[in-house]
Every structure is written in C-alpha cells, then in structure tokens.
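Protein chains in written order, with our numbering: chain U, 415 to 681; chain R, 4 to 1007.
Scroll down for the structure; my scribbles are underneath it.
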Amino acid sequence: MPSALIITTAGINCDRELAYAFELAGASAEFIHLNRLLASPQLIDRFELIGLPGGFSYGDAIAAGRIAAVLMRRRLYRALACAIERGVPIIAPCNGFQVAVQMGILPGPAGDEPWPSTPPRPTIALAHNDTGRFVDRWCGVVVPPETRCVWTHGLTADDPSAMLPVAHGEGQFVTSSPRSLGWLERSGQIALRYRPGDNPNGSVGDVAGVCDASGLVLGLMPHPERFTRWNQHPQWTRLHGPSVTGHPLGLAMFHQAVAWAAQAAAV
Amino acid sequence: MPSSVHRIEVRPQPGHPDPRGAAACRDAASLGLSSPPSRIDTAAVYLIHGDLSEQHVRQLAEELLADPVLETATIGAAPPTADALIEVHPLPGVMDPDAEAVELAILAMLGAHVEVRTARRYDLHGTDASTARLVAERCLANTVIHSIYEQPYHPEAFVTGSPYHLRIVSVPLSDLDDVALVKLSRKAHLFLSLDEMKAIQAEFGRTGSDPREIELETIAQTWSEHCVHKTLKSTIRYQEQITDAQSPRIPIRGRSGHEINPDGSITIHNLFKSTIVAATEQLIADGIDWCPSVFVDNAGVIAFDDDHAVCFKVETHNHPSAIEPYGGAATGVGGCIRDIIGTGLAAKPIAATDVFCVAYPDHWRRSPRRARRGLSSEQRDLPDGCLHPRRILTEVVAGVRDYGNRMGIPTLSGAVWFDDDYVGNPLVFCGCIGVMQRKKISGDPQPGDRIVVIGGRTGRDGIHGATFSSAQLTDTHADEFSHAVQIGNAVTEKKLLDAILEARDHPQGCLFHAITDCGAGGFSSAVGEMGRHLGAEVHLDRAPLKYEGLSPTEIWISEAQERMVLAVPPRNLDQLRAICNLHEAEMCELGQFGTDGQELILRYEGREVGRLSMNFLHEGLPQLTREATWNPPASRGLDSPPLAAGDRPNSIADTLLRLLAHPNIASKRWIIRQYDHEVQGGSIIKPLVGPAGEGPSDAAVILPLLDSTRGLAIANGLATGLRDDPYVMALAAIDECVRNLVCVGADPSRIALLDNFCWPSCDDPRNLGALVRAAEACYDGALAYRAPFISGKDSLNNQFTTSDGKTIEIPPTLLISGIGIVPDVSRCVTMDAKKSGNLLMVVGSPTTSAMGGSHFEMLFGDREARHSPLPAVDLNVAPRIARSVAGLINDGLVSSAHDCSEGGLLVAAAEMTIASRLGLQLDLADLPAEDDPPLEHRCFCEQPARYLLEIRGDDLAEVSSRLHDLPAAVIGTFNSSFRLTLAEDQLDVSVKELQAAWLGTLDW
C-alpha cells in the first residue's frame, strides 16, 4: 500500500479529509508537522505520495500561504524536488496550491529541464478573487483532454455532476505574462478548468489547477478531497442514473495518483 | 547599527487590480456623502523594529512581503498619489495577528528577533481631507482599536509597557453605608447589587479585614450575571394579569419548584431549574437515555452512536459586538469554539452556527444630515454612540468568517433578524458543535495537578468583559469600556486546538485530567471554577504577558483570547510540553490544584496578594427574590415608522414580492457564501440547495464521523415577531426548530435543544415576567416534543441608553438552537422541488386569521394597535405532525420538504420554486383552515406547525393514509412553466421576478 505524507502546520485545516481521501483511494496516510520536516527534510524520502492540505497556514499573514512558502523555500524545496524527480505524485489544493506556487514547485521547469537546485522566482500567482471577497461554492469543472496531469488526465468531466467545491479569498489564477499562460497550455500543464461561466474568482483562462511538466504535481483551488462520496455533491438529492455510478470526481483523482504510485513502487 | 523602525509599503503593481481599494470605495459610496471618493488605492504597511541592514530590509520587502507577480514594495513611504491620504494603525496593545506571523518568518529568514506592526494606507481620489476623515471613521477604522493618521506614520520607536512594581491595594469596605457601597460597585466596574456588596462586607467583617482589590474583583467576576446567571436562578414572585382571552394561561399547578401563593401570585424557586432543567430531568426519568451530560459542562452532550457523543453550545457576544463588531463577533466565535474544546476531555469542533439581530439598515442615516443626499426623509439619525446597522452586520459577518474559516470549522446554520430596537444593542449568537468519544465526556482535576495554561499571552485586553456584558450599554460605553474589546487571533487558537487534541489522543492516554476555557473572567473564572472543590494556588507572575506592566489583578481577570486551562498530573508535563513546542502553542504552569481548606490563594513573586474561601466564592452569593409581572401587551422601545397609505399592497403578487424582499426573509446568500461550509469534508445538506445553489435549506446536515453514514442535522428557531407574548413566541421558536430539523430528515425522537435568552433589563418586573413566560414555554415545549434542553445561556441587560436619557430595550429574544440525529444520511431530503408533475401538499395545523406578529403585519399592518391575535402552537398536535412527516421522509415518500415560517405559506412555496427553477400552480381553496380566512390570510398567516411536502402523484393514496386524521391537503402541482400561479387568476408571477426580489435585498 503506497503511503502518503500529509504536511500540516499552524493554520492548516483540511488535513484530515485529505488523508481520508488518500485512504479511500487505497493509500495509507501519515501526518507530519512542518516543524519536524524543516528539522529533518529526509523524512520525505520514505513516502510515495505527498499532500499539501488547504487551510490558512500561519493565518495567511501577508498573503495566503506566504509564510509557509517562505519557510519551505529555504528548507524543504530541495527535498520536494527530489521527491518529484523520483516520481512522487503531489497534490496541493487551495492553500497548498498557494504555498506551492510561492515555494517554487509550480509550474516547475520546462519538460526537458532538470529541477533547479534553488527555488525559482514565481511566475504564476493566486491573487485576490476579482469579487474582493471569500467565496464558498461548488463549481462545474472540466479536465482539458490534452493535460499531462497524473491526477486528472483522462477523467471525463463533461457531465453536470462534474463539480468541485471551492472556498477561498485568494484564488484568482494569474500569470506573469500572457506568454506564460500559452506556454502552460501548450505543454499540457493546465490540469483543470472551471466550466465556462462558472469561474468563481476571475482566473485567467478559467484555470482551476495546473501541474508541473511531469504531471506529478497538481496545484488547484478546488478541493477534490471534499468530493469523495456522492452525497457530498450539492445536488445529490436530484442526481439519478449513470451520472452517480463510479467514483465521484474528487475521489477518482486520488485513485489515479494512488494507482500511479503503486505501479511506480512495483517497477 | 542602531535599532530603529523600518517602514515597508506593499501595493499592487500598476495594471493589477486592488480589490481592497475597490471594496473600500464601495463602502464609502454607500455612506451617501456629497463628494465620495472616486477611487481608493490601498497599500499594506509594515513597521519593523530591529537591527536590520538596508540589504536585509530590501530582502524582506522583496522576498517576504511582496508577491513578485502581483505586487511592488516601497521602503519608507511612497509620495501621496491622490487628493487625500489615510493610514489606519492598531492602537498599542491591540492584537495584531499578522504581525506575529511576520516576526516568525523574519526570524526564520534572517535569524533576527524583531517587532512588527502592520497597518494599511489608503490614497483617496476625488475627495477632500475632511471627507476622507469621515470615510476613515465610518468605513476604514474603528477608533476604539485604531489610530487614524492623515500622513504616512513612521514612528521612531514603538510604544511599550513599563515594568510593574507590586503594590497591594486594600479597599476599605467596613465603614461604607448603602449609598457608598452602590457607588463603589459602579465606579470600580464591579456591577454588583447592594445586597451582594453587603454580603461581601459581612464576609470580610467577620474576619476583621478589608478585601484586597484582587479579592473584590474575583468575587465580582464570579458573581457576575454573565458567569453565574443569578437572575435565572433567583427566586421569583410572578404575577400575571391576563385580561386578553387570546393569551394562553400557563398550566402552573403541579410544576416542581413552583408554589401558588394565597394572593394568586406564583413563587418560582430557581426559574432555570424549575423549567428548562426540570423538563430535561423529567424526560430522562421517562426513558430518554441519550443525554449523558447536560447543564454541567461548557456544552451539553448527547449520545451520537455507541462510541461517540456530540456536544453543542451557543454563546452571545453582544456588548463587544456593539462597540467593535468585527472583533466582537470573531472573539464570540473563538470563545464558543473553546467551550467545545473545554467540554469533557476536549471535543473536536466540527460545525459552527451564527445568528445576528440588528436594526434595519435602511432606516438609519449613515452620515450627518448636512452630508446626506438622496435619502428617504423617513430615515432617522443614529443615536450617539451607535454604529450604523449596515456596518455592524457587515463587520460581524466578516468577524465570523475570518475566525471560523481560519479555524477550519464549517459555519453552516444561521439566521438574521432585523428590528430597530437592536440599534444600540445588536445581538451576536455564536454556536459550536463538537464530537468526542463517549468515554471522554467528563474529567475532574485531582489534588496535586498542575494548573497549566496553553495558548495566547495575557494582556490588558478584555478586562472587565464579564462585568461589562452584565451591565447596560450607554452612549459612553465605547469610551469607558474600550479595553473590554478584543481582536481574536484564530491561528493561535488553531495551534492550541491541534496541541490539545494530540495531548488528548496521546498513546499513553489523555495527558490531562480536566480542561476548561478562559472565557469571561479570565483565569479568575477558569481556575476558580475548576478548583472549587479542591482549592488552588496560583502564581500570577508566571503567566506569559504580551507586554510589561500588568498588575496581578489585571493578569488574573484579563480576558485575553485563545487560552485554555488544564489540570495536568506532574508526570505528564514533559510530554505535554513537547507537544506544545511542536505546535508552537505556548504553555505555562501557573500553580497547583488542591490547598488545605479549599482556598484560592493568589501569589505574585512569592508574596500573597489574595486569599479567598472557595466556599464563599461559589456559595456566598445572596439568593435574591425578584418581582415579575406580566400584563400583555405593552408597547415599548422605538415607535415604528407609520405606513404611508400608498404603501399598502394592491395585489397578492405585490405583497409576495415585498415579503420576499423583507430582510428577515430575503436570501442570506451574501453571508452564507463567505463562510466555508464544506471544510472537514462532512457536508451533506448545505445551507443553500437546489440546482443553482439558491434555495434556503431548512437545516444543515453533516457527518461528524467521515466513515459513518449517521448524520447530524443543525437548525434554529427564532420567532421574535411574536414577542407580544413570549410564551407563544418561545413555543413557536421550538416548533420552528423542530420543523427545520425534521424537514431534512432528522429523527424527531433524537432532537436536543439549546436556549439563549437575550433580554432587556430584568430589574424591570415586566421584562422578568416576560422571561418567566418564555421559560415556562420551554418547559412545556420540551416535554411535548420530547426534545430535552441540554445547555443554555442568557444575556439579560440588552438595552441602550441614549445621550438624552432614553432607553431603547431590545425585543425579548429567545434563540432556540437544535441538533437532531439523522440515522442514515441517504434518507435526507432538501427543500428544492424536484420534478414537474409532482404534487405540493401542506401538512399541519389549520391556517387561521391570526396575523399577529407576522411579516405581513410588520409591513402592512398597524403594529401599535396589535389587533390581530398571535398564532399559537397546538402542543397536542404539533409533535404528532412532526413525527408523521419524519416517517414519510424516512420511507422515501417525500421528494422535497420545506417548513412554513417567516412570511407564511405562499412565501415558503415561492422559495421552493426559486430553489428548483420550476413553476407551481396553487389552489388554496382546500387548504385546511379555521373560520374560512380570506385569501391574504391563507397566503401570509404565519401559523406554526405547518410543512410543505412535494410528493409523487402515485404516492398520494399512501401518504394520505399514513397521515390519517392529521390536517393535510394537496394545494398545488409543480410544472415547468417557471411561473407561480394561484387558481382563479389571483396570482400569476414569474419565478424570475420572485427570485430577483428575494436575492436583491441583502446582495451587499
């Protein structure tokens, strides 16, 4: 059974449901506090999956995820880059996404380049929602067919039940230049989009999640760990027929990554 | 290099939007100023005090404080970019949560210990300095906690505390006469009555000494209304003069704790015990076996499954929220969460609730008369010392949002009630629910246990919160009690929670024997309560302080937030300390439980500064006998603005649209969407339901345990419209709460209730009489529904005295909160209609012409005349209806269910269509009714105990036979027309129009 590391720290609050999603998908999950990891980064080496959970790390002081990202850039970036190089899928929903982009592991180096030894300067950001306020709701999402994301690739997300919940104040996906958005699109690094017209925060290109060039690291504003059973869906009392068979979209993502990790371990 | 204060500004890069500035500009525009700002640019300001090189400062600006993609940093102050400049800085000593986190990051980055203050700069375009100042005072800052500057503020040094030198102050009491005692009580902010002051005088007279200041404060805190609920526990002589045949008489005879006197008056010994507690005890004696811990702990506990229990507590934080709504509401949430952490051996918080009562936002001028423009002439000037209700509501919502979301606790059930009598004294109810193992529902300190404090540091904030909340507000309270106001720091509380849950679940067993929160009264209440049977010795100089200069008394009674007190056996201290260190939760050992003679002994730097007998502290409060009368109905408070003749509705459609737009009824989407109600992954029925997420759910359902299918429904009932008879009002609130829970699929035989009374001063016998009636209704309601009360709280001095001496009393307000077990969440239903062709059925009490207290009457009736009777709950039938409806839902015969409450039947039906985007053809001819009420009454009467159920045509015979003799009728059919119609062309309105009215009012 692949084992998943859940990194917690002050203000992280989606750690339990993230662990539960990994467990439902067939992995075991272990919580390690960031302070322990900062002291012993090699603890990461024994895990096959990693989750950076959502929440308000350090109260989102300065900006969402900033302080955790600054701490991790200095002491954990290298160990995480090594984990990605050895094929460990990483999921970073919401605050995890905000931390990941500021830490420098998203969008990562171009496909043919190695991970730099020091964290690169961020080229994407999660700005305040265009409405200026926190929003909690479910949004329709679609998986771009060309994505190379291990977590989302191939998931059919074109029926009305394909929704995920969002809950954030700083989730507007922004790139440093229009060119970098095109580059991400062409390299299959857009892992998830909001359904057109259902974009909750003004994200450019309706981008809800991106992955690195290997497709292993997924950062996204929606919370797939909050959609692992059908009766979490906001319209489950109305859903009938084929749309409610199989795994709910959120759980399906964890199944794909856990299967990948299990296969990688077997090889 | 000399240590100095560095200043860094961070603002959006040119071309990037400034959502904070846009929001500030919107707020300013709503003030109705003659020259509002056309644009506001904002910047975050960081003041950093420490030994830092220029290069380090630049590194902090670029690598820590500014986002490289979005923002740009300026060292020092950028020149003003607009016509006016405002900076808002927290006053010295005010909690600055971001500052602590920035200090931590700087330590990690540079290894430097620095002090940080954060602030915000606003450059206002298109306005002058004096208007900018007004905008600052009304939107951007609250001078209770903020300083406003009109230039960039860059101090040489920060204001710090100065060292404290011990001084023990005695308060001469022995020679004081009655007048002097009363004067002392008020002047020292003790808020004790004359009888209480005399009891203290007598106690110290016995020992021949005068009380020391800290002793007097300890007694005042412990005996405060807030802590001991002395009014509800007093002996009450109740008299009622019912001349109005409509008012139900309370069936007093035979009730425990009640005596009928020869003159017809009734003596009630301990009102709380004789009504609310008595009902629960009777139900337990009668076989209810799922209430393992009620009324004894920080929250009431019920069984959830064989191994787990859930607990629920609702608190109010009214007076702090009147003065500083953001901080008041946030710390209200934080305090209630700590009640759950402090229940048994710590429960895990899994859900939060919030209910607000405020004045109508559009009835009050936002700016002084001279500046107003285009406002209705009917608007009134705000009394001095009051914040505008729109500001209060916006800020309390923000406070709940920021605290609840940061704690990772879904806020998923609530309500807002508007009434102008809340203008000076808004109500903020915060609730929290927790889950725990059944074997951990209680814990007691043992002699020798260390008194351990975990969490935030102690400061001067929040001093006298307990006594302040027990006093009445006046126009000078904002100045006099600003130190009672606090800002919360949710991350500190989250760290505390993480550490405590880890200590609770330690592999070697729970590391502590008992835990409680530091709420009102601070250490004095927490330690005093935990040590009441053992005694306690406390070393006040050991408490970690936010800044120097606090006296032992201030340390002892400070209500600084985010602190818990634990009783820890000495052998577990090291393990507990290791856990706290990992989670960065500060821990200190304050002393020890257990003294000879069960005394409370207070020391500072080894010297005794106070000593009290626990027995006197907890048992010495003189029992009062209080007078209560009730003679309905009395008109008090503000006069409601008269209804202009042209305001009368001219059709059913017009009435319906105006009711849907009434703030009490209108969608609360604006609030709900700001709360994370999905966190923890247990959300099953959400606060907003239907295909577009616009339908108002009757209740929320969550999974307390993710690997179980057993759910918990959460709802509330509030029927303040029926305030003219609090007995009727309280029963309606209980009925509404039960209906809300039943409508989503809760088992009505597993519903537990909480009471929260918010009342005007009970020194007035009429108000106390109203309270008696409400409490008696709780007794009758709990027994009739077999729904025990498990916890409650009261706040009894909710009124505001204006600068010209007029007292505005709040309406007597009783919030009933309820939780109900859902045996299998796959049986849950929502309120959005599901399918064209399905039937709409009304089940429940016959509709009447009792329009009293209805929203129809509020909008269109002559409120002062109060002609129409109040609709009453029929306790013989209502519980049966609830059980029958629950049975239909459980057996899958109901496609959607909605309770008829505010606005009446037609409003409820309209909400079902708005939620579903279906049409509905109604015919109310067969509506079960008494005395053939006219159509308006059929549509808008707020008769309790009625449910609307959507059923499939094929199931009609089965449903009818199951309902047997209960009043029920099919009143409509859903269709795909997207119109709501009534037979005989009495109504034909598009659902889109209904939706617009309903969504528009509070779309802030």
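Just so you know, even glycine gets a beta-carbon here, dropped at the ideal spot from N, CA and C.
query, result
"Span of the beta strand (DSSP E), counted from its first residue to its last, around residue 1001 of chain R", "Per DSSP, residue 1001 of chain R belongs to no beta strand (DSSP E); it is in the alpha helix (DSSP H), 994-1003."
"Local conformation of residue 277 of chain R per DSSP, three classes", "helix"
"CB contact below 7 Å: residue 472 of chain U versus chain R", "yes"
"Inter-stretch contact (C-beta, 8 Å, three-pair minimum) for the segment 907-918 of chain R and the segment 985-998 of chain R", "yes"
"Every unbroken beta strand (DSSP E) inside the segment 537-595 of chain R [3 residues or more]", "539-542, 566-571"
"Residue 436 of chain R, DSSP secondary structure in three states", "strand"
"Proximal chain C residues relative to residue 552 of chain U, where beta-carbon distance stays under 9 Å", "Here chain C cannot be found, since the structure's protein chains are U and R."
"Residue 983 of chain R (DSSP reduced to helix, strand or coil)", "strand"
"C-alpha gap between residue 49 of chain R and residue 119 of chain R, whole angstroms", "7 Å"
"7 Å Cβ cut-off: residues of chain U touching residue 833 of chain R", "651"
"Proximity test, Cβ basis, 7 Å: residue 590 of chain U and chain R", "yes"
"Neighbour-count burial assignment, residue 186 of chain R, 16 or more Cβ in a 10 Å radius", "exposed"
"Rounded separation between residue 651 of chain U and residue 162 of chain R - CA only", "58 Å"
"Alpha-carbon to alpha-carbon, residue 93 of chain R and residue 65 of chain R", "24 Å"
"Proximity winner among U:633, U:449, U:488, U:611, relative to residue 605 of chain U (alpha-carbon distances)", "U:633"
"Interface positions of the segment 20-31 of chain R facing chain U (Cβ-Cβ less than 8 Å), listed along the chain", "20, 22, 23, 25, 26"
"Backbone secondary structure at residue 808 of chain R - three-state DSSP", "coil"
"Residue environment, residue 737 of chain R, which counts as buried when at least 16 other CB atoms sit within 10 Å", "buried"
"Distance between beta carbons of residue 130 of chain R and residue 40 of chain R, contact taken as under 8 Å", "4 Å"
"Run of the alpha helix (DSSP H) containing residue 531 of chain R, from where it starts to where it stops", "525-533"
"Neighbour flag for residue 424 of chain U against chain R, beta carbons, 7 Å", "yes"
"Any chain U beta carbon closer than 7 Å to residue 728 of chain R", "no"
"Nearest-angstrom Cα separation, counted from residue 354 of chain R out to residue 713 of chain R", "15 Å"
"Chain-ordered chain U contacts of residue 408 of chain R [CB-CB under 8 Å]", "470, 548, 581"
"Other residues of its chain near residue 656 of chain R: CB distance less than 8 Å, five sequence neighbours each side excluded", "990, 991, 992"
"Neighbouring residues, chain R, relative to residue 485 of chain U (Cβ below 8 Å)", "108, 111"
"Classification of residue 668 of chain U by the beta-carbon crowding that lies within 10 angstroms, buried from 16 upward", "buried"
"Sub-7 Å separation of residue 11 of chain R and residue 117 of chain R beta-carbons", "no"
"Sequence-distant residues of the same chain with beta carbon closer than 6 Å to residue 32 of chain R, five excluded per side", "39"
"Which listed residue (U:653, U:636, U:626) has its alpha carbon closest to that of residue 526 of chain U", "U:626"
"Distance between beta carbons of residue 447 of chain R and residue 516 of chain R, contact taken as under 8 Å", "6 Å"
"Between the CA atoms of residue 397 of chain R and residue 645 of chain R - distance to the nearest angstrom", "Here the model assigns residue 645 of chain R a pLDDT of 42, short of 50, so the residue's position is not dependable and the matter cannot be decided."
"Separation of residue 509 of chain U from residue 493 of chain R, as counted between CA atoms", "16 Å"
"Unbroken beta strand (DSSP E) run spanning residue 444 of chain U, endpoints", "442-447"
"Host beta strand (DSSP E) of residue 1023 of chain R (start-end)", "Outside the shown range of chain R, which is 4 to 1007, sits residue 1023 of chain R, and nothing can be said about it."
"Neighbour list for residue 585 of chain R in chain U, Cβ cutoff strictly below 8 Å", "447, 449, 450"
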